[in-house]
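Asks:
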């Protein structure tokens with residue numbers, strides 16, 4: 198199916214664009230009353246993730262309601278560890294929760310790799326197909342997965358943490374086990390993302406949410422080494438790597454086989470552009486809290502960011518997922534400001 | 198009282214030292230069975246903080262048991278917001294919890310400044326006196342407080358958070374209120390730290406635990422502006438500023454009126470030394486998880502860090518508080534390695 202709006206794909210590839218493309222991480226989610234209405238009919242978050250009809254429906258909502266230049270499939274990075282053998286729950290107050298964890302060789306039996314992706318993750322692939330059908334080529338659809346280090350953190354820790362000290366401990370006490378688990382996650386992630394492309398994803402994004410808790414040396418060894426493998430295996434569609442908090446590793450990430458580097462709201466896109474040149478597209482990175490401002494101020498802050506760009510290689514986004522209590526009208530102001538902005542360079 | 202070991206004070210001031218001084222953040226705490234024994238007799242964490250006899254006792258424990266070159270008064274950064282009018286609880290599973298929060302001008306009535314420090318925080322000052330008596334000049338005693346931005350985060354949010362979006366929201370929606378609250382915290386903190394020095398603290402440390410959730414511009418405006426005021430008001434004893442996660446702001450911090458800049462475990466002390474020269478002492482920054490390694494590996498990792506130093510201006514520490522489940526024997530290996538290390542430069 199031909200895409201009517203392929204702006205984001207051109208921006209990712211460094212091709213000519215008439216304006217900057219824009220979308221928001223977590224655009225399909227609690228900010229939209231229409232999402233909450235779908236969610237209210239269901240038993241919980243997981244039913245939404247696991248029912249293609251519903252996840253496709255909420256995937257398309259922000260395209261209709263907000264006017265973004267891309268859809269991202271509604272899913273969760275934890276579907277991968279679950280497919281590998283660690284079931285998760287999403288607790289209302291606590292976030293993700295795993296009954297079992299992997300902290301010894303014995304635990305590796307919960308890190309399977311020899312299974313059929315279609316069999317265990319077919320519901321995501323089905324949702325991608327349904328969403329594309331509904332989108333009818335209006336905008337590209339982004340597929341995604343968690344980066345191995347971040348998935349590793351959940352499989353070892355079993356839940357969110359401020360320090361992920363159990364996960365980091367393993368890097369010192371049993372690096373062989375850590376590498377084995379990371380390799381397995383990498384293998385499954387490659388298969389899973391390839392299946393997403395086959396199902397119809399036009400772009401891919403890797404979320405490395407806990408990149409920032411490692412120093413650069415450890416992140417190179419236990420994080421980027423595996424991201425590199427994934428990037429080299431996925432060359433069919435443009436790939437974005439979003440390593441939250443890994444400020445010092447951005448130059449290394451920009452050398453990987455990816456189209457786009459995602460920036461969090463604390464990263465300095467001007468300095469990073471200067472450092473990496475025009476070799477990669479940058480995605481981001483307005484502070485999500487900026488959308489709590491007045492409409493006028495949202496416009497000013499968005500324009501200030503756009504004015505700072507010195508290259509056409511940008512995909513506009515927030516520097517983190519949009520917070521659930523943000524007024525959707527403010528999101529519209531953000532999007533409108535980007536769409537009305539006149540490109541000031543080639 | 199004359200100090201028998203003033204190594205850390207000399208290192209902070211950039212004076213001549215015979216070896217690097219060493220201590221650990223959270224050295225007085227759950228890693229020590231002797232601490233847990235004191236704690237077990239009490240109703241909770243707050244009773245320990247608020248009873249000078251006990252907080253002095255656990256303050257001195259690591260000097261006796263681990264052989265560190267400094268003691269740090271056992272207390273909590275949240276005693277300041279409590280003195281200002283926001284009582285806190287320390288919940289076993291959840292961490293700090295405030296019943297009331299400040300999110301509007303009305304809330305400022307819970308941010309008092311006109312009170313007598315001795316009256317509301319006398320128990321900390323008394324603990325400092327008792328601890329010094331017990332230390333008998335063996336090592337210097339460090340006083341501390343939370344930096345205004347971090348205290349602000351708790352007063353606005355009411356508890357810990359991954360994003361502190363309520364606190365950051367206020368910077369956009371009501372910067373005037375934010376500055377008013379930050380000013381008040383600053384005033385009280387200056388008085389409080391001066392009182393600590395008068396009570397006998399030989400050094401001071403400001404903990405800005407949530408510095409890393411702001412971009413550099415916002416951290417300059419809402420964080421460092423107030424740290425600067427505190428640093429300029431406290432010149433009697435050496436001051437350490439520890440802004441966790443604020444990698445890009447380190448050069449700015451090194452320009453403030455402080456003796457020492459604290460580094461977290463993700464910061465690159467070699468690059469930072471190159472950038473700031475020998476103008477400041479650096480404190481840190483072994484990964485706390487390194488202490489989960491074998492004794493041999495703890496020694497190797499510690500030596501590797503020491504070998505990387507190119508200046509005498511270092512105070513050795515971890516890059517974060519020691520984790521409660523670390524074996525105290527590993528801490529001893531860390532300390533011994535530092536003490537046995539031969540200085541390789543002036």
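Residue numbers (the working numbering), protein chains in the order written: chain A, 198 to 543; chain B, 198 to 543.
Glycine residues also receive a C-beta, built at the ideal position from the N, C-alpha and C atoms.
In this text, all values refer to a predicted model and were calculated from it rather than measured experimentally.
1) Which residues in chain B sit within 8 angstroms of residue 245 of chain A, going by Cβ to Cβ distance?
2) Any idea if residue 467 of chain B is buried or exposed, counting beta-carbon neighbours within 10 angstroms, 16 or more meaning buried?
3) Just reading off the alpha helix (DSSP H) that residue 415 of chain A is part of, what are its end residues?
4) What does the alpha-carbon distance come out to for the pair residue 344 of chain B and residue 383 of chain B?
5) If I follow the unbroken beta strand (DSSP E) through residue 285 of chain A, where does it start and stop?
6) Going along chain A, which residues have a C-beta under 8 angstroms from residue 444 of chain B?
7) Can you list the residues of chain D that residue 449 of chain B reaches, using a CB-CB cut of under 8 angstroms?
8) Should the segment 314-330 of chain B be called in touch with the segment 382-397 of chain B, which here means at least 3 C-beta pairs below 8 angstroms?
9) Would you identify the three-state DSSP class for residue 462 of chain B, choosing helix, strand or coil?
10) How close, in whole Å, do the beta carbons of residue 446 of chain B and residue 413 of chain B come, if the pair is a contact with beta carbons under 8 angstroms?
11) Nearest chain A C-beta to residue 350 of chain B closer than 7 angstroms, yes or no?
12) Could you give the uninterrupted runs of the beta strand (DSSP E) lying entirely in the segment 313-386 of chain A, keeping only those of 3 residues or more?
13) With C-beta atoms as the reference, is residue 236 of chain B less than 7 angstroms away from residue 229 of chain B?
14) Under 8 angstroms Cβ to Cβ from residue 485 of chain A, same chain only, skipping five residues before and after it: list those, please.
15) Below 8 angstroms on the Cβ atoms is my guess for residue 329 of chain B versus residue 264 of chain B; work out the distance and round it to an integer in Å.
16) Alpha carbon to alpha carbon, how far is residue 296 of chain B from residue 366 of chain B? Give it in angstroms, no decimals.
17) Kindly provide the ranges of any beta strand (DSSP E) runs that are 3 or more residues long and lie completely inside the segment 445-502 of chain A, ordered along the chain.
18) Grouping DSSP H, G and I as helix and E and B as strand, with all else coil, what is residue 269 of chain B?
19) Could you work out which residue in B/290, B/508, B/363 is closest to residue 473 of chain B when comparing CA atoms only?
20) Quick one: using the 10 Å Cβ neighbour count with 16 as the cut-off for buried, is residue 347 of chain A buried or exposed?
21) State the DSSP-derived secondary structure class of residue 257 of chain B, mapped to helix, strand or coil.
22) So that I know if they touch, is there some Cβ in chain A lying closer than 7 angstroms to that of residue 508 of chain B?
23) Give the secondary structure of residue 221 of chain B by DSSP, where H, G and I count as helix, E and B as strand, and everything else as coil.
24) Which bits of chain B does residue 412 of chain A rub up against, with CB to CB less than 7 angstroms?
25) Mind checking residue 302 of chain B: buried by the 16 CB within 10 Å criterion, or exposed?
26) Keeping to the same chain, check which residues put their C-beta closer than 7 angstroms to that of residue 293 of chain A; ignore five residues upstream and five downstream.
27) Using DSSP's beta-bridge definition, name the partner residues of residue 294 of chain A.
28) By the 8 angstroms beta-carbon criterion, what residues does the segment 364-378 of chain B contribute toward chain A?
29) To the nearest angstrom, how far is the alpha carbon of residue 217 of chain B from that of residue 470 of chain A?
30) Would you mind telling me which residues of chain B sit closer than 8 angstroms to residue 538 of chain A, beta carbon to beta carbon, in chain order?
31) Does residue 358 of chain A have its Cβ less than 7 angstroms from a Cβ in chain B?
32) Does DSSP put residue 537 of chain B in a helix, in a strand, or in coil?
33) So, using beta-carbon positions, are residue 197 of chain B and residue 480 of chain B closer together than 7 angstroms?
34) Flag residue 285 of chain A as yes if its beta-carbon sits less than 7 angstroms from any beta-carbon of chain B, otherwise no.
35) In the DSSP assignment, what are the bridge partners of residue 513 of chain A?
36) Can you pull the chain B residues whose beta carbon is under 8 angstroms from the beta carbon of residue 490 of chain A, in chain order?
Replies: Concretely, from the data shown:
1) Working through the first chain from its first residue, we reach residue 245 of chain A at position 48. By Cβ distance, chain B contributes nothing, its closest Cβ being about 22 angstroms from residue 245 of chain A, past 8 angstroms.
2) The residue labelled residue 467 of chain B in the question sits at position 270 within the second chain. Exposed: under 16 other Cβ atoms inside 10 Å.
3) The residue given as residue 415 of chain A occupies position 218 in the first chain. Where residue 415 of chain A is concerned, the enclosing alpha helix (DSSP H) stretches over 413-416.
4) Looking up residue 344 of chain B in the second chain gives position 147. Looking up residue 383 of chain B in the second chain gives position 186. Looking at the two C-alpha atoms, the distance is approximately 8 angstroms.
5) For the purposes of this step, residue 285 of chain A is identified with residue 88 of the first chain, where counting begins at 1. Per DSSP, residue 285 of chain A belongs to the beta strand (DSSP E) from 285-288.
6) Position 247 of the second chain holds residue 444 of chain B. In chain order: 444, 445.
7) Although the question refers to chain D, the structure presented lacks it and instead comprises the protein chains A and B.
8) yes
9) The residue given as residue 462 of chain B occupies position 265 in the second chain. Three-state result, residue 462 of chain B: coil.
10) The residue labelled residue 446 of chain B in the question sits at position 249 within the second chain. The residue labelled residue 413 of chain B in the question sits at position 216 within the second chain. Their Cβ separation, rounded to whole angstroms, is 5 angstroms, which keeps residue 446 of chain B and residue 413 of chain B in contact under 8 angstroms.
11) Sequence index remark: in the second chain, residue 350 of chain B carries index 153 (1-based). No, because no Cβ of chain A sits closer than 7 angstroms to the Cβ of residue 350 of chain B.
12) 338-343
13) The count along the second chain starts at 1 and reaches residue 236 of chain B at position 39. The count along the second chain starts at 1 and reaches residue 229 of chain B at position 32. Against a cut-off of 7 angstroms, the Cβ pair of residue 229 of chain B and residue 236 of chain B comes out as no contact.
14) As a position in the first chain, residue 485 of chain A is number 288, starting the count at 1. Excluding positions up to five away in sequence, the list reads 462, 515, 516, 517, 518, 519, 520, 523.
15) Counted from its first residue, the second chain places residue 329 of chain B at position 132. Counted from its first residue, the second chain places residue 264 of chain B at position 67. Not a contact, Cβ separation roughly 18 angstroms.
16) Reading the second chain from its first residue, position 169 is the one you call residue 366 of chain B. Reading the second chain from its first residue, position 99 is the one you call residue 296 of chain B. Roughly 20 angstroms between the two C-alpha positions.
17) 457-459, 478-483
18) Counting from one through the second chain, the residue named residue 269 of chain B turns up at place 72. Strand at residue 269 of chain B.
19) Stepping through the second chain from its first residue, residue 473 of chain B is reached at position 276. When only C-alpha atoms are compared, the closest one is B/508.
20) Along the first chain, one-based indexing puts residue 347 of chain A at 150. Residue 347 of chain A comes out buried.
21) For the purposes of this step, residue 257 of chain B is taken as the residue at position 60 of the second chain. Residue 257 of chain B falls in the helix class under three-state DSSP.
22) Translated into positions along the second chain, residue 508 of chain B becomes position 311. So no, residue 508 of chain B is outside the interface.
23) As a working mapping, residue 221 of chain B is identified with position 24 in the second chain. Coil, per DSSP.
24) Translated into the one-based positions of the first chain, residue 412 of chain A becomes position 215. 462, 463, 484, listed in chain order.
25) In the second chain, counting from the first residue as 1, residue 302 of chain B sits at position 105. Flag for residue 302 of chain B reads exposed.
26) If you number the first chain from 1, residue 293 of chain A lands on position 96. Within the same chain, residue 293 of chain A has close Cβ partners 275, 285, 287, 351, 356, 357.
27) By 1-based counting over the first chain, the position of residue 294 of chain A is 97. DSSP output for residue 294 of chain A lists A/286, A/356 as bridge partner(s).
28) 365, 366, 368, 369, 370
29) By 1-based counting over the second chain, the position of residue 217 of chain B is 20. By 1-based counting over the first chain, the position of residue 470 of chain A is 273. Cα to Cα, the separation comes out at about 39 angstroms.
30) Mapped onto the first chain, residue 538 of chain A falls at position 341. What residue 538 of chain A touches in chain B: nothing, since even the nearest Cβ is about 21 angstroms away.
31) Start at 1 with the first residue of the first chain, and residue 358 of chain A comes out as number 161. It does not: the Cβ of residue 358 of chain A has no partner Cβ on chain B nearer than 7 angstroms.
32) One-based indexing of the second chain puts residue 537 of chain B at position 340. The answer is helix: DSSP assigns residue 537 of chain B an H, G or I state.
33) Residue 197 of chain B falls outside the range modelled here, since chain B spans only 198 to 543, and no answer is possible.
34) Position 88 of the first chain, counted from the first residue, corresponds to residue 285 of chain A. It does not; no Cβ of chain B falls within 7 angstroms.
35) Numbered from 1 along the first chain, position 316 holds the residue referred to as residue 513 of chain A. Paired residues: A/219, A/481.
36) Reading the first chain from its first residue, position 293 is the one you call residue 490 of chain A. 369, 370, listed in chain order.
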